[in-house]
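Have a look at the structure below before the remarks.
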Amino acid sequence: MPKHFLMCRPEYFAVEYSINPWMRPEDGASRDLAVLQWERLKAAYEELGHRVSLIDPIDGLPDMVFAANGALVVDGRVYGARFAYPQRGPEGPAYLRWFAERGYPVHEPRHVNEGEGDFLALDEVVLAGTGFRTDVRAHQEAQEVLGRPVISLTLVDPRFYHLDTALFPLDGRNVAYYPQAFSLGSQEVLRRMFPDAVLATAEDAEVLGLNAVSDGTHVVMNAEASTLQLELKLRGYEVIPVDLSELRKAGGGPKCCTLEIRGDK
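Going by our numbering, the sequence shown opens with residue 39, and the numbers climb by one from there.
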């Protein structure tokens, strides 16, 4: 089934500060190359039949390209983001305004959360990350707003500072993930919930191979995650490799650039 994604062109992309271990301002980043790679990602979605809407980028917000962090949308209801770092603070209201202007029911959050960066929706539950960015109280708030059970998972490796860097839904009932990114208790939760999950290697996790987008048949993911690609192919998925190496300099991959709108207004 075609999906609806919201994306933001990296018009003002740069690595000007460091708020995660991937970001090294001294190394610089190419805005032009980031735009080219992003355009290829957008084209990949459209070639698969998915609908892509765009939010206008804002000068001074170089990370706004990472649309997944802007909100969580389930059943047409929008739970907004409240960013942990002031550098990204204005992004939350900008994304919420985009949805409000289009008639979506929106909820402005009280607690720090970074949208689909730390909330990943499946058919019946929402998996939610905490440990680095999202306040665990936001998990409870999201559950009340969305009426979906929210399962809290604790992240322990700062390289995987958002849930979507360590796990992605394969479909509505199964996931792929890197176990060592999670606390021991959260690893046990994941084993119980997803006994047939795809487990990623450290090498694939370290190139943000799990920052991927699956429509249940196709998986759009970073090209460098070779072992994970092979495992997914063996499971019957069609892998669509993309190169987002420039955006990875800010800690982002395909999923970071992609906010799913579930249940259009």
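Note that CB positions come from ideal geometry on N, CA and C, so glycine has one too. Because the structure is a prediction, the values reported are computed rather than measured.
Straight-line gap, residue i to residue j (C-alpha atoms, nearest Å)
i    : j    : result
V188 : D156 : 11 Å
R115 : L99  : 25 Å
A109 : A119 : 5 Å
G130 : K271 : 36 Å
L282 : R140 : 30 Å
H42  : H177 : 24 Å
E85  : Y199 : 31 Å
K287 : R300 : 29 Å
DSSP state of residue i mapped onto helix, strand, coil
i    : result
E298 : strand
P63  : helix
Y215 : strand
A106 : helix
T265 : helix
P279 : strand
V194 : coil
L246 : coil
Spatial neighbours of residue i in its chain, beta-carbon cut-off 6 Å, leaving aside the 5 residues before and after
i    : result
V163 : P187 and I189
V150 : R120, A122 and D173
C46  : I93, P95, M102, V103 and A105
Inter-residue CB distance, residue i and residue j (contact presumed, cutoff 8 Å)
i    : j    : result
L268 : Y215 : Rounded, the Cβ-Cβ distance is 17 Å, inconsistent with contact.
R126 : D97  : Their Cβ separation, rounded to whole angstroms, is 14 Å, which puts R126 and D97 out of contact at 8 Å.
D209 : G254 : 4 Å
E241 : T265 : 7 Å
Y117 : L184 : 6 Å
L79  : V280 : 5 Å
K293 : A250 : 6 Å
Closest Cα partner of residue i within the set the options
i    : options                   : result
V227 : V213, I299 and P279       : V213
P63  : L74, D70 and F51          : F51
L44  : A240, L86, R286 and N107  : N107
A219 : T239, V194 and H88        : V194
G223 : S252, E179, L246 and T192 : T192
8 Å Cβ shell around residue i - same chain, five flanking residues per side excluded
i    : result
P196 : N58, P59 and F170
P217 : Q225, L228 and L237
D302 : H42 and G114
Y55  : M61, P63 and Q125
Close beta carbons around residue i, own chain, < 7 Å, minus the five adjacent residues each side
i    : result
E284 : A67, S68, L71, A72 and Q75
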